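Worksheet for the structure shown next.
2 protein chains.
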Amino acid sequence: MKAQKRLGKQTVQMAGDVKIIGNASIVGKKEAEGPLRNDFDTTVDDGYWGEQSWEKAETKFQKETINLAISKAGKSISDINLMFTGDLINQCTCSSFGARELQIPFYGIFGACSTMAESLSLGAIAVDGGFAENVLCGTSSHFASAEKQFRLPLEYGGQRPPTAQWTVTGSGMTVLSNEGEGMFITHLTTGVINDNGIKDANNMGAAMAPAAADTIITHLRDTGRQPEFYDLIATGDLGSFGMSIVRDLTQKNDLSLGQNYNDCGVMIFDTKKQDVHAGGSGCGCSAAVLCGHILKQMQEGNLKNVLFVGTGALLSTTSVQQGETIPAIAHAVAISVSK
Amino acid sequence: MKAQKRLGKQTVQMAGDVKIIGNASIVGKKEAEGPLRNDFDTTVDDGYWGEQSWEKAETKFQKETINLAISKAGKSISDINLMFTGDLINQCTCSSFGARELQIPFYGIFGACSTMAESLSLGAIAVDGGFAENVLCGTSSHFASAEKQFRLPLEYGGQRPPTAQWTVTGSGMTVLSNEGEGMFITHLTTGVINDNGIKDANNMGAAMAPAAADTIITHLRDTGRQPEFYDLIATGDLGSFGMSIVRDLTQKNDLSLGQNYNDCGVMIFDTKKQDVHAGGSGCGCSAAVLCGHILKQMQEGNLKNVLFVGTGALLSTTSVQQGETIPAIAHAVAISVSK
Chain C
192 MKAQKRLGKQ
202 TVQMAGDVKI
212 IGNASIVGKK
222 EAEGPLRNDF
232 DTTVDDGYWG
242 EQSWEKAETK
252 FQKETINLAI
262 SKAGKSISDI
272 NLMFTGDLIN
282 QCTCSSFGAR
292 ELQIPFYGIF
302 GACSTMAESL
312 SLGAIAVDGG
322 FAENVLCGTS
332 SHFASAEKQF
342 RLPLEYGGQR
352 PPTAQWTVTG
362 SGMTVLSNEG
372 EGMFITHLTT
382 GVINDNGIKD
392 ANNMGAAMAP
402 AAADTIITHL
412 RDTGRQPEFY
422 DLIATGDLGS
432 FGMSIVRDLT
442 QKNDLSLGQN
452 YNDCGVMIFD
462 TKKQDVHAGG
472 SGCGCSAAVL
482 CGHILKQMQE
492 GNLKNVLFVG
502 TGALLSTTSV
512 QQGETIPAIA
522 HAVAISVSK
Chain X
192 MKAQKRLGKQ
202 TVQMAGDVKI
212 IGNASIVGKK
222 EAEGPLRNDF
232 DTTVDDGYWG
242 EQSWEKAETK
252 FQKETINLAI
262 SKAGKSISDI
272 NLMFTGDLIN
282 QCTCSSFGAR
292 ELQIPFYGIF
302 GACSTMAESL
312 SLGAIAVDGG
322 FAENVLCGTS
332 SHFASAEKQF
342 RLPLEYGGQR
352 PPTAQWTVTG
362 SGMTVLSNEG
372 EGMFITHLTT
382 GVINDNGIKD
392 ANNMGAAMAP
402 AAADTIITHL
412 RDTGRQPEFY
422 DLIATGDLGS
432 FGMSIVRDLT
442 QKNDLSLGQN
452 YNDCGVMIFD
462 TKKQDVHAGG
472 SGCGCSAAVL
482 CGHILKQMQE
492 GNLKNVLFVG
502 TGALLSTTSV
512 QQGETIPAIA
522 HAVAISVSK
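Top line first, the protein sequences correspond to chains C and X. Residues 192 to 530, numbered by my numbering, are exactly what the first sequence covers, in order. Residues 192 to 530, numbered by my numbering, are exactly what the second sequence covers, in order.
This is how it looks when you write it as structure tokens:
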């Protein structure tokens, strides 16, 4: 069995059933005004959500989304054997504080905006490897906690370049299981770090696009699938500029991504009307789009096979200040309605 | 097979062979002056290691230790299917920059000072689950990059309370494999988050000790083993105060930890002579003690069964400033010379 699971240097195939038996998303006000407004489970108008700080609000997004995902899976907290969560805030505190009362065996992860894909990947490995029956996977981000930590005080009102993205306020959580009803996770393509020398922290789409293209190309080569196999290939979150770079880079490798290619950062906002420039970003963006929109579309029969490609820019304010380039990574998770 | 792997809510047993086939440690000057000086592979006198910043020096510690561990395992970089690394620096950049040129499928993790145990756990799951043949696991810390980020400028020369610990400058890395010669990872006990209301970031031993005691008690209960089964139960890194709290807490649960109990933070420094107060800390502390001292002792036949219990305080400077208590976690990894 062991040898069969590997399809290439980066790709593995699940041997047994790994199903997404529960998924939930909670987002903020701006996300609730976007095109996917009807897909999220709950929307919250108050950026503080009744808490004293944005970090505590983000923690609450995680907590509430976790409870909702477990409940939608028909499980209770004590049924969950393992959880993988992470976030953008220093030392991933929104995740550890979010998990504090749960008493679920906990592994913290960090993959920047690729965290949703990383958590699904590790969850799938744990379930398929026989280490857990039910695993919780997810992440969050918050516009205000991210701006405060990574950029400028909100009160400063700094102007943003057209390539900048808007950090999504929201959380997405899933419950994976080896039993029950749900979408199948069939393959994982784990990313390698890709650094193309981009230094502009306001152009993370350009920094991450080569990693996304590389992982998509590798996944298709390793599985022998054509891009058309997927009803949707969803990167997240490159924004509109990064998305067009992915199209260019895959084209140069003789792979044509058609209308089935989209980006979670582009999907979540109306980039023309919502003043978000290149689109959404933050761990919570691809998490909420997956757990809200994409899985709902699969449940309704509108999508059968989806390649979810989480993309992360692995920078920090310190690395930027020290003149470093931005390493990026992309992990692909293949999800199908049947196996 | 699946059901057999679980021995309790938090403990799993490896079904096949998961071996530590390579291990390496590189530490700084102060660590090289401590009692374990002869156990590390390389010691580096210059805190910058020829780099322009402490963060870049820590990155170099990771890179060089990775190369050494892979080489000592008799492998090349292209043999490694997966890597799990993390660190304390914001957004775990020492790990992502350390992995940037390797082109190894990469998962970033965050477990504060429990990172070494977390990386070993996830690596073991990946190998035993059949997802990888060879996995790299490890972490680092650096006294100066940690002080700068978490505490006060070094130039300030602030006085430290007796409960404070000294962040180790160093890195420890292992290569796990399903083939070859090495120590066996036999069981994992994954920690749940434990928060006992400690708010003092200068007393992290007290914050982490209940998590460590809880994981040790759970591990022994789940496996049916007595404390004496282990030649060494090594927590890391609680320091001398935290260590005595673990003794008290386990005693209250009718478990007596004898001379076979020690703490990596106490082992790495001469706490009386080296002015480190309660002992060492930082992800690199338990990593270097495991990959330098403990595994060497096992290779030399002086230790047969070891329970390595990585402990992490999941705080941030922001959470402390917002008056939050300190959540902690401990993951146990059982390592034996034979299976």
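Yeah, the Cβ is synthetic: ideal placement off N, Cα and C, and Gly gets one too. It should be emphasised that the depicted structure is a prediction, and the values quoted were computed from it without experimental measurement.
Just checking: is the beta-carbon of residue i within a distance shorter than 8 Å of some beta-carbon in chain C?
i	result
X/ASN147	Since the first residue of chain X shown is 192 and the last is 530, residue 147 of chain X is not available in this structure.
X/ARG342	no
X/GLY501	no
X/PHE231	no
X/ASP386	yes
X/LYS254	no
X/PHE322	yes
X/ALA273	The question names Ala, but residue 273 of chain X in the sequence shown is Leu. With 8 Å as the cut-off, X/LEU273 counts as an interface residue toward chain C.
X/GLN532	With chain X covering only 192 through 530, there is no way to say anything about residue 532 of chain X.
X/LYS210	no
X/GLY277	yes
X/LYS390	no
Could you tell me the distance, in whole angstroms, from the CA atom of residue i to the CA atom of residue j?
i	j	result
X/LEU327	X/PHE231	18 Å
C/SER336	C/LEU481	22 Å
C/PRO352	C/THR380	33 Å
X/ILE211	X/ILE485	12 Å
C/VAL437	X/GLY349	50 Å
X/CYS285	X/LYS247	7 Å
X/SER269	X/GLY299	19 Å
C/MET192	C/ALA206	Low per-residue confidence applies at C/MET192: pLDDT is 41, beneath 50, and the placement is therefore not dependable, though the value from the model is reported in the following sentence. Cα to Cα, C/MET192 sits roughly 7 Å from C/ALA206.
X/VAL524	X/ALA355	26 Å
X/ASN325	X/GLY213	10 Å
X/LEU429	X/SER507	18 Å
C/GLU491	X/GLU242	55 Å
X/GLY415	X/ILE407	12 Å
X/ARG291	C/ASP445	26 Å
X/ALA479	C/GLY302	24 Å
Residue i and residue j look like a contact to me (Cβ under 8 Å); what is the Cβ gap, rounded to whole Å?
i	j	result
C/ILE526	C/PHE288	So it is not a contact: roughly 29 Å between Cβ atoms.
C/PHE297	X/VAL383	6 Å
X/ALA215	X/LEU273	No, X/ALA215 and X/LEU273 are not in contact; Cβ-Cβ is about 18 Å, not under 8 Å.
C/THR377	C/GLN204	7 Å
X/CYS455	X/SER435	No, X/CYS455 and X/SER435 are not in contact; Cβ-Cβ is about 15 Å, not under 8 Å.
C/SER244	C/GLY277	Contact flag wrong, Cβ pair sits at about 19 Å.
C/LYS532	C/THR516	Chain C is shown only over 192 to 530; residue 532 of chain C falls outside these bounds and no answer can be derived.
X/MET489	X/GLY433	About 24 Å; that fails the 8 Å criterion.
X/SER449	X/SER305	One point to set straight first is that residue 449 of chain X is Gly, not Ser, in the sequence displayed. The pair is not a contact, with the Cβ atoms about 24 Å apart (cut-off 8 Å).
Might you give, ordered along the chain, the residues of its own chain that have their beta carbon closer than 6 Å to the beta carbon of residue i, omitting 5 neighbours on each side?
i	result
X/ALA313	As written in the sequence, residue 313 of chain X is Leu, which differs from the Ala given in the question. Once the five neighbours on either side are set aside, the close Cβ partners of X/LEU313 are PHE275.
X/ASP208	ASN369
X/THR147	Beyond the ends of chain X as shown, which are 192 and 530, falls residue 147 of chain X; an answer cannot be given.
C/ASN385	PRO401, ALA402, ASP405 and ALA519
X/ASN387	PRO401
C/ALA264	ILE212, GLY213 and VAL366
X/ASN453	ALA425
X/PRO344	none
X/GLY199	ASP413
Suppose the cutoff is 7 Å on Cβ atoms and the five residues either side in sequence are ignored; what does the same chain contact list for residue i look like?
i	result
C/ASP236	LYS220
C/ASP422	ASN451, LEU494, LYS495, ASN496 and VAL497
X/ARG197	VAL203
Please check if any C-beta of chain X sits within less than 8 Å of the C-beta of residue i.
i	result
C/ALA290	yes
C/GLN282	yes
C/GLN356	no
C/GLU246	yes
C/THR218	Rather than Thr, the amino acid found at residue 218 of chain C in this sequence is Val. No, no contact with chain X.
C/LEU506	yes
C/ASP466	no
C/GLY382	yes
C/SER510	yes
C/ASP439	no
C/ASP319	yes
Which residues in the same chain have their Cβ closer than 8 Å to the Cβ of residue i, if we skip the five residues on either side of it in sequence?
i	result
C/ALA194	Confidence at C/ALA194 is low in this model, with a pLDDT of 44, below 50, so the placement of that residue should be treated as unreliable; the coordinate-derived value is given next. Closer than 8 Å at Cβ, skipping near neighbours: no residue.
C/PHE460	LYS221, GLU222, GLY225, PRO226, TRP357, VAL467, GLY470 and GLY471
X/THR234	ILE217, VAL218, GLY219, LYS220, GLU222, ALA223 and ARG228
How about residue i: is its C-beta nearer than 8 Å to some C-beta of chain B?
i	result
C/VAL457	Absence of chain B from the displayed structure is noted, the protein chains being C and X.
Consider the C-beta atom of residue i and the heavy atoms of the ligand FMN; say whether any pair is separated by less than 7 Å.
i	result
C/GLN512	This structure does not include the ligand FMN; it has no bound ligands of any sort.
- Message: Against chain X, which members of the region 358-379 of chain C pass a CB distance test of less than 9 Å?
- Response: ASN369 and LEU379
- Any residues in the region 293-316 of chain C with a beta carbon nearer than 8 Å to a beta carbon of chain X? Which ones, in chain order? LEU293, GLN294, ILE295, PRO296, PHE297, TYR298, GLY299, ILE300, PHE301, GLY302, ALA303, GLU309, SER312, LEU313 and ILE316
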